[in-house]
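Under this note's numbering, read the sequence shown as residues 126 to 1271, first letter to last.
Glycine is no exception: its CB is placed at the ideal position from the N, C-alpha and C atoms.
The model shown is predicted, which means the values in this text are computed figures rather than measured ones.
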Amino acid sequence: MIRYRLSFILSVCVALGATSSSFAQRAPFEIPDPDPEVERKSFIVADGFEVNLFAADPILAKPIQMNFDPQGRLWVVSSEVYPQIKPGQTANDKVLILEDRDGDGRAEKTSVFADGLLIPTGVEPGDGGVYVANSTELLHFADTDNDGKADRRRVMLSGFGTEDTHHILHTLRWGYDGMLYFNQSIYIHSHIETPHGVRRLGGGGIWRFRPETMELDVFIRGLVNPWGHHFDRWGQSFATDGAGGEGINYCLPGAYYVTAPDATRILQGLNPGSPKHCGAEFVSGRHLPESWSGSIVTSDFRGNRVCRFVLSEDGAGYASREQPELIKTKHMAFRPIDAKMGPDGAIYIADWYNPIIQHGEVDFRDPRRDHTRGRIWRVTAKGRPLVERPKLVGASTEALLAALRAPEDWTRQNARMVLKERGKSIVPALKDWVAKLDSNDPDAEHQRLEALWTYQAINEVESDLLATLLRSNDPRVRAAATRVASKWQSRLADPVATMAQQVIDDHPRVRLEAVRALGLFPTTQAAELAMSALDRPVDRFLDYALWLTARELAPTWLPEVQAGRFDFKGHIGHLVFALQANGSSGVVKPLVESLRASKIPKEQVSGVLTTVATLGDPSDLAMVLDLALEGGSSTHGQRATLLETLAKAARQRKVQPTGDLNRVASLLDGKDEALSRAAAEAAGAWKLESARPRLVELANAKTTSATLARSVVDALAEMGGPQSRTELARLAAPDAPGQIQALAISALASIDPNGASQRAIERLSKTTEPAAVESLLARFLQLQTGSAALTSALVGKTLPSDVAKVAIRAVRASGRPEEKLVEALTSAGQLASASGELSPEQMKEFLADVARLGDAKRGEEVFRRKEMSCLKCHAIVGAGGQVGPSLESIGASAPADYLVDSILLPSKAIKENYHALVVATSDGKIITGIKLRQTETDLILRDAEDQELTIPVATIEEQKPAGSLMPANLTDPLTRPELLDLVRFLSELGKIGPYSVSKARVVRRWRVLEPTPKEALTIQHSGLDAALESGELRSWTPAYSRVSGLLPIEALKPFGSYQGAFGMARAEIEVTTPGPLKLTFNSVAGMKLWVDDKKVELKPEVVLDLPTGVHTVTLGVDLSKRPDGIVCTLEDEPGSPARARVLVGK
126 MIRYRLSFIL SVCVALGATS SSFAQRAPFE IPDPDPEVER KSFIVADGFE
176 VNLFAADPIL AKPIQMNFDP QGRLWVVSSE VYPQIKPGQT ANDKVLILED
226 RDGDGRAEKT SVFADGLLIP TGVEPGDGGV YVANSTELLH FADTDNDGKA
276 DRRRVMLSGF GTEDTHHILH TLRWGYDGML YFNQSIYIHS HIETPHGVRR
326 LGGGGIWRFR PETMELDVFI RGLVNPWGHH FDRWGQSFAT DGAGGEGINY
376 CLPGAYYVTA PDATRILQGL NPGSPKHCGA EFVSGRHLPE SWSGSIVTSD
426 FRGNRVCRFV LSEDGAGYAS REQPELIKTK HMAFRPIDAK MGPDGAIYIA
476 DWYNPIIQHG EVDFRDPRRD HTRGRIWRVT AKGRPLVERP KLVGASTEAL
526 LAALRAPEDW TRQNARMVLK ERGKSIVPAL KDWVAKLDSN DPDAEHQRLE
576 ALWTYQAINE VESDLLATLL RSNDPRVRAA ATRVASKWQS RLADPVATMA
626 QQVIDDHPRV RLEAVRALGL FPTTQAAELA MSALDRPVDR FLDYALWLTA
676 RELAPTWLPE VQAGRFDFKG HIGHLVFALQ ANGSSGVVKP LVESLRASKI
726 PKEQVSGVLT TVATLGDPSD LAMVLDLALE GGSSTHGQRA TLLETLAKAA
776 RQRKVQPTGD LNRVASLLDG KDEALSRAAA EAAGAWKLES ARPRLVELAN
826 AKTTSATLAR SVVDALAEMG GPQSRTELAR LAAPDAPGQI QALAISALAS
876 IDPNGASQRA IERLSKTTEP AAVESLLARF LQLQTGSAAL TSALVGKTLP
926 SDVAKVAIRA VRASGRPEEK LVEALTSAGQ LASASGELSP EQMKEFLADV
976 ARLGDAKRGE EVFRRKEMSC LKCHAIVGAG GQVGPSLESI GASAPADYLV
1026 DSILLPSKAI KENYHALVVA TSDGKIITGI KLRQTETDLI LRDAEDQELT
1076 IPVATIEEQK PAGSLMPANL TDPLTRPELL DLVRFLSELG KIGPYSVSKA
1126 RVVRRWRVLE PTPKEALTIQ HSGLDAALES GELRSWTPAY SRVSGLLPIE
1176 ALKPFGSYQG AFGMARAEIE VTTPGPLKLT FNSVAGMKLW VDDKKVELKP
1226 EVVLDLPTGV HTVTLGVDLS KRPDGIVCTL EDEPGSPARA RVLVGK
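Structure, rendered in structure tokens:
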């Protein structure tokens, strides 16, 4: 996180006195030349492609979405009102039709089909007119007198939320099934009344609608701002997220994704750490190079790029790899937001054209917002003939059916849409066409699938064709047919039996589709069949589908299991999976019975016990305690997890085991630290007086580690009473050893905040380490009475100024408006009070100096400093913290004055999905964090330490917005040149040049070995190979590569007998499909390699054949032989089926 001390910045700004000429150097208020030709010439286009202007302002303003109709006309919705209508302004946003009548690649005619709209955000021609997303409504416009203008307006659906104008209903798209799909985003809550009942979606997601029957349902739930959705050639669905960070998302019907309300588990995207994207279009056809067919084109509108991803098979799901851009530019107003294939085989790009793209983060009335310009660009392949534009409207049914063979997705889909409008009259011709298909044609199975989708589009069940395709020799066809069968389930003779073969299919995606289809059938037979997929290999996609289906069908199968009438035909693994997936207290009895009967497989016992401990009653918990104490085949780590879960049950559910709890004191022997820590937790939660003497003994022992000591003093505090207060006060006294004193002060705060605060201020007056200040204050800031106690203790006291600054930063980061405490710390540290925000003149002068004097290379090193904490909260390409927004494209997307505002006044404008909450609980605690999701029982927050915190809803007394978690004063130690460099670095992130992120799978998140005495001694005694293989080296801390992908050699810590010469770093790779893959290095000088702690011969290119799972790659580096940093890249091995990714995060 980054934050300026305002008074310091003001003094810097006043001293700048920049000239207008220096300000002109990439100044933030500079508006680019709006000439479309100037913009076009700035484009860097992929090899073999060229761009021409199809349409532009003044006839086109602010295109938001576009779609072609079967005539080849381009329909566009545009809004000059966005982002908010002005008081008294008349809404007159439009639906436009753009026509290229002579086929020269330029629109000769633009007409207004409908106007008077308010921020229309979606358009899709169909059903004799056009569907339009207009604020809270889905409308259908038609032209009944053929004058080119709409004269009939019908409200199809209403009740969509309108909380945020860039999250409202948007992104209309016809599916191959003849249903209309459309999206909404995180802040929208919709309640739609239909003839079939009220349909609801709170938050982001994708809807699915059949206009002729008015059937509406939710296709997927979640995502932050999903402005892209399309289907591949085989009907599989993919979405992009304009405010997410996982690139392409594989859309599994019914699945939950990030931010989805009530989600206890989510499906993650395919490109973790990827920049945000808008729009999604699969490209195909004879005009484009064959290598491009099946690619998905989307836009990094923040980074002024049109991107391309290639998808490949990965088990039941897919892997996604970003390729070089289709278009990139330094032109800051190029904002591509939609892409569509045209009837001529070219790619069309909607350019929203705006130097300002932030929605709520930049003032709605900022004069730099453009309201009148917009462009449509046309991208063609050089030297390749265009596709002859098909004549679909008015064509015979036979000609339209023939068009279903076309190589171009556009032609096939639009032919089907014309057929759809002709209804069931096409059935005889369609049957005849299918009967005459040549089975020797390599594309015959796909042609039959096109026919099946056409039947689905006209809502006509064709059981024979469906049965044929369910047995197709192409698994992609079988998977698509299985999904069709799921939609026809109410009209099939025996839909569950239909799925019996699919769920045991050889291909995992067919099994996945069958598992999700079975979730629609509320029978025990369906549940039994679905769980049978567990008998074959299960990857993360299939595991999620099984989990979701088990939960959806629980109201059917769980009562039967509880009554003893159903047991998944004795398949205990199936039963255990379903019970654990359900996650309700009703699963405990069957699990306990299976445990007592020794039916649970050994490898599943620990997980089952954890479930019982989480949900069970006192007698159930007694059994868990017995097994945790006895050990048996469980590891120390598993036993510790059980005790921790039992302690959590006591705190959150007020439930503890029956029987003799005092037995847990026997584990406080310190032989295994994790087990002793867990035993201390349990002793505190259960208030075991019998454990007190041993806890006191451990607290006083000099040999007790810091982590165990923390658990011990916290247990004493949780036990409460005069004895705990006296003992903790003694341990918190000024003459106590430093480590235990700080821990005891924190623990004492929960039972004697006034006494603890006095000790805390005494210790703060002698502390210089920032981390120690933050750690000491953390407990006080989590208590409802903690801030008041600290404020009182500061009266008449003085603190070192640096300590006071860090303390104020910690208070601000808590998200609570503790102004009295801030004033007390300011006074104690004799600090100057902060001033207000920069004036426009000061901002202009400061940013001019950033442009003139700032150095991004030096600024990156400032950003990376540990004391700045930037990477603690922010990620670049997924590497770093997740508390704040990712930054890989922030310089290209945000004007520099917005960056400075975000640093100076972090709560002035907060990015969606990063608003903090302050939660007060019934046990007197205050918890602050970013809301991740909420279920009926739990609220899940991410705190400033990047930890997920689960708060039972029943314990919440109050919750309120807290603004930003971004703290103050982090940049106080910086010199003026360092501040300028830092802002310059941020302003360059994502722009073309050295701070544009590579597409390669470079290792960006590392762990480096800390040179602790314990680690050095382990290596000295055991040797490096043996120490790694034994897992004894545990002091690994995060380190991150630069934007370029290079890990600086200084990031490695010299240690052990190699003091001053040797360091170690490790990374993680997740293999999802096994097979050979390649690691490459910029240099292997002075390095050794271990994979999964086994030594491997190191070469510049190392081929590894790894099984499915997460693998560690460890490097040992002789620092005396390697002055340069490390770049490690994961690459495909030609011909290998392997799919793998480099793991990112904190």
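(request) Could you work out which residue in Asp1106, Val1127, Gly1005 is closest to aspartate 1071 when comparing CA atoms only? (result) Taking the first residue of the sequence shown as position 1, residue 1071 is located at position 946. Nearest of Asp1106, Val1127, Gly1005 to aspartate 1071, Cα basis: Gly1005.
inquiry  = Rounded to whole angstroms, what is the Cα-Cα separation between leucine 767 and glutamate 755?
reply    = Locating residue 767 in the sequence shown gives position 642, counting from the first residue. Locating residue 755 in the sequence shown gives position 630, counting from the first residue. For leucine 767 and glutamate 755, the distance between alpha carbons rounds to 12 Å.
- DSSP on lysine 1271, reduced to helix/strand/coil? Residue mapping note: residue 1271 aligns to position 1146 of the sequence shown, counting from 1. Coil, per DSSP.
Exercise for review: Consult DSSP for glycine 499 and reduce its assignment to one of helix, strand or coil.
Suggested key: Counted from its first residue, the sequence shown places residue 499 at position 374. Correct three-state label for glycine 499: coil.
Alanine 405 to histidine 355 span [Cα, whole Å]
Stepping through the sequence shown from its first residue, residue 405 is reached at position 280. Stepping through the sequence shown from its first residue, residue 355 is reached at position 230. Each residue's alpha carbon lies about 6 Å from the other.
- [ ] Express the C-alpha separation of alanine 903 and alanine 867 in angstroms, rounding to a whole number.
- [x] As a working mapping, residue 867 is identified with position 742 in the sequence shown. As a working mapping, residue 903 is identified with position 778 in the sequence shown. Looking at the two C-alpha atoms, the distance is approximately 11 Å.
(message) Suppose only complete runs of 3+ residues qualify. What are the beta strand (DSSP E) ranges in the region 590 to 673, listed by chain order?
(response) none
Alpha-carbon to alpha-carbon, leucine 654 and valine 628: On the sequence shown, position 503 is the one that residue 628 refers to. On the sequence shown, position 529 is the one that residue 654 refers to. If you take the alpha carbons of valine 628 and leucine 654, they lie about 7 Å apart.
- Query: Identify the residues that DSSP records as bridge partners of glutamate 1175: which are they?
  - Reply: One-based indexing of the sequence shown puts residue 1175 at position 1050. Note: glutamate 1175 sits in no beta bridge, so no partner.
With 16 other Cβ atoms within 10 Å as the buried cut-off, status of methionine 339: Residue numbering aside, residue 339 sits at position 214 when the sequence shown is read from its first letter. By the neighbour-count rule (16 or more Cβ atoms within 10 Å), methionine 339 is not buried but exposed.
inquiry  = Just to confirm, is the Cβ distance from tyrosine 382 to glycine 419 under 8 Å?
reply    = In the sequence shown, counting from the first residue as 1, residue 382 sits at position 257. In the sequence shown, counting from the first residue as 1, residue 419 sits at position 294. Contact flag unset, no.
For leucine 526 and glutamate 224, the rounded distance between their alpha carbons = Taking the sequence shown and counting its residues from 1, one reaches residue 224 at position 99. Taking the sequence shown and counting its residues from 1, one reaches residue 526 at position 401. Answer to the nearest angstrom: the Cα atoms are 25 Å apart.
So, at 7 Å on beta carbons, what are the nonlocal neighbours of proline 195 in its own chain, with the 5 sequence-adjacent residues on each side left out?
Here residue 195 corresponds to residue number 70 of the sequence shown, with the count starting at 1. Closer than 7 Å at the Cβ level, and outside the excluded window around proline 195, lie Leu517, Val518, Asn539, Met542, Val543.
Can the beta-carbon of serine 882 be found closer than 8 Å to that of leucine 908? Your numbering for residue 882 matches position 757 in the sequence shown. Your numbering for residue 908 matches position 783 in the sequence shown. No. Outside cutoff.
- Task: Report back the beta-carbon spacing between tryptophan 1131 and leucine 1172 to the nearest angstrom; my notes put them in contact at under 8 Å.
- Result: Within the sequence shown, residue 1131 is the residue found at index 1006, counting from 1. Within the sequence shown, residue 1172 is the residue found at index 1047, counting from 1. Right, their Cβ atoms sit about 6 Å apart.
Exercise for the section: Report all residues from its chain with a CB closer than 6 Å to the CB of leucine 1272; omit the five preceding and five following residues, and keep chain order. Expected result: Outside the displayed range of the chain (126 to 1271) lies residue 1272, so it cannot be described from this structure.
| If isoleucine 501 sits next to alanine 180, beta carbons under 8 Å apart, how far is it from one beta carbon to the other, in whole angstroms? | Indexing the sequence shown from 1 puts residue 501 at position 376. Indexing the sequence shown from 1 puts residue 180 at position 55. Between alanine 180 and isoleucine 501 the Cβ distance is about 4 Å, and since that is below 8 Å, they are a contact.
inquiry  = Quick check: the Cα distance between arginine 608 and valine 206, rounded to an integer number of angstroms?
reply    = The residue given as residue 608 occupies position 483 in the sequence shown. The residue given as residue 206 occupies position 81 in the sequence shown. In a straight line, the C-alpha of arginine 608 is about 41 Å away from that of valine 206.
Notebook entry, point to check: Which residue from Leu978, Glu894, Lys1220 puts its Cα closest to that of lysine 991?
Noted result: Taking the first residue of the sequence shown as 1, we reach residue 991 at position 866. The option with the nearest alpha carbon to lysine 991 is Glu894.
Worksheet item: Are the CB atoms of asparagine 1038 and threonine 384 nearer to each other than 8 Å?
Response: Reading the sequence shown from its first residue, position 913 is the one you call residue 1038. Reading the sequence shown from its first residue, position 259 is the one you call residue 384. Yes, the pair counts as a contact, with Cβ atoms nearer than the cut-off.
*Can you tell me the Cα-Cα spacing of isoleucine 1174 and aspartate 1249, whole angstroms?*
By one-based count along the sequence shown, residue 1174 stands at place 1049. By one-based count along the sequence shown, residue 1249 stands at place 1124. Near 6 Å, if we compare the C-alpha coordinates of aspartate 1249 and isoleucine 1174.
Q: Give the DSSP bridge partners of histidine 1236, in chain order.
A: On the sequence shown, residue 1236 is found 1111 positions in, with the first residue counted as 1. BP columns for histidine 1236 point to Ile1194.
Worksheet item: Roughly how many angstroms separate the alpha carbons of alanine 475 and lysine 545, rounded to a whole number?
Response: Working through the sequence shown from its first residue, we reach residue 475 at position 350. Working through the sequence shown from its first residue, we reach residue 545 at position 420. Taking the straight line from one Cα to the other gives about 28 Å.
Q | Supposed close pair threonine 760, alanine 738 - CB separation, criterion 8 Å | A | Here residue 760 is taken as the residue at index 635 of the sequence shown, counted from 1. Here residue 738 is taken as the residue at index 613 of the sequence shown, counted from 1. Not quite, the Cβ-Cβ distance comes to about 16 Å (not below 8 Å), so this is no contact.
| task | Identify the continuous beta strand (DSSP E) that holds arginine 333 and give its terminal residues. | result | As a working note, residue 333 is residue 208 in the sequence shown. 330 to 335 is the span of the beta strand (DSSP E), which, as asked, contains arginine 333.
Query raised in the report: Taking the C-alpha atoms as reference points, what is the distance between glutamate 447 and cysteine 432?
Result: Counting from one through the sequence shown, the residue named residue 447 turns up at place 322. Counting from one through the sequence shown, the residue named residue 432 turns up at place 307. Distance between the alpha carbons of glutamate 447 and cysteine 432: 7 Å.
request  = Tell whether a beta-carbon distance below 8 Å holds between leucine 185 and phenylalanine 193.
outcome  = As a working note, residue 185 is residue 60 in the sequence shown. As a working note, residue 193 is residue 68 in the sequence shown. Cβ atoms of leucine 185 and phenylalanine 193: not closer than 8 Å.
Quiz item: So what does DSSP say about aspartate 1022, is it helix, strand or coil?
Solution: Start at 1 with the first residue of the sequence shown, and residue 1022 comes out as number 897. Correct three-state label for aspartate 1022: helix.
* Hey, which unbroken runs of the beta strand (DSSP E) at 3 residues or more fall wholly within the region 344 to 391? -> 353 to 356, 362 to 365, 374 to 376
DSSP three-state call for arginine 279: helix, strand or coil?
For the purposes of this step, residue 279 is identified with residue 154 of the sequence shown, where counting begins at 1. Strand.
Which stretch, first to last residue, makes up the beta strand (DSSP E) that contains aspartate 182? Here residue 182 refers to the residue found at position 57 when the sequence shown is read from its first residue. From DSSP, aspartate 182 is part of no beta strand (DSSP E); its letter is neither H nor E.
Residue of Pro1179, Gly398, Thr287, Val343 minimising C-alpha distance to aspartate 366: As a working mapping, residue 366 is identified with position 241 in the sequence shown. Of the candidates Pro1179, Gly398, Thr287, Val343, the one whose C-alpha sits nearest the C-alpha of aspartate 366 is Gly398.
Q.
Spatial neighbours of leucine 659 within its chain, please: C-beta separation below 7 Å, excluding the five flanking residues on both sides.
A. Here residue 659 corresponds to residue number 534 of the sequence shown, with the count starting at 1. Result list for leucine 659: Leu671, Gly698, His699, Phe702, in chain order.
Just verifying my parser: in three-state terms, what is the DSSP assignment at methionine 457?
Here residue 457 refers to the residue found at position 332 of the sequence shown. Residue state, collapsed to three classes: coil.
Once you ignore the five residues that flank arginine 509 on each side, which residues in its own chain have a CB closer than 6 Å to its CB? Walking along the sequence shown from the start, residue 509 turns up at place 384. The residues are His412.
>> How far does the beta strand (DSSP E) with glutamate 318 in it extend, from its first residue to its last?
In response: Here residue 318 corresponds to residue number 193 of the sequence shown, with the count starting at 1. Element bounds for glutamate 318: 314 to 319.
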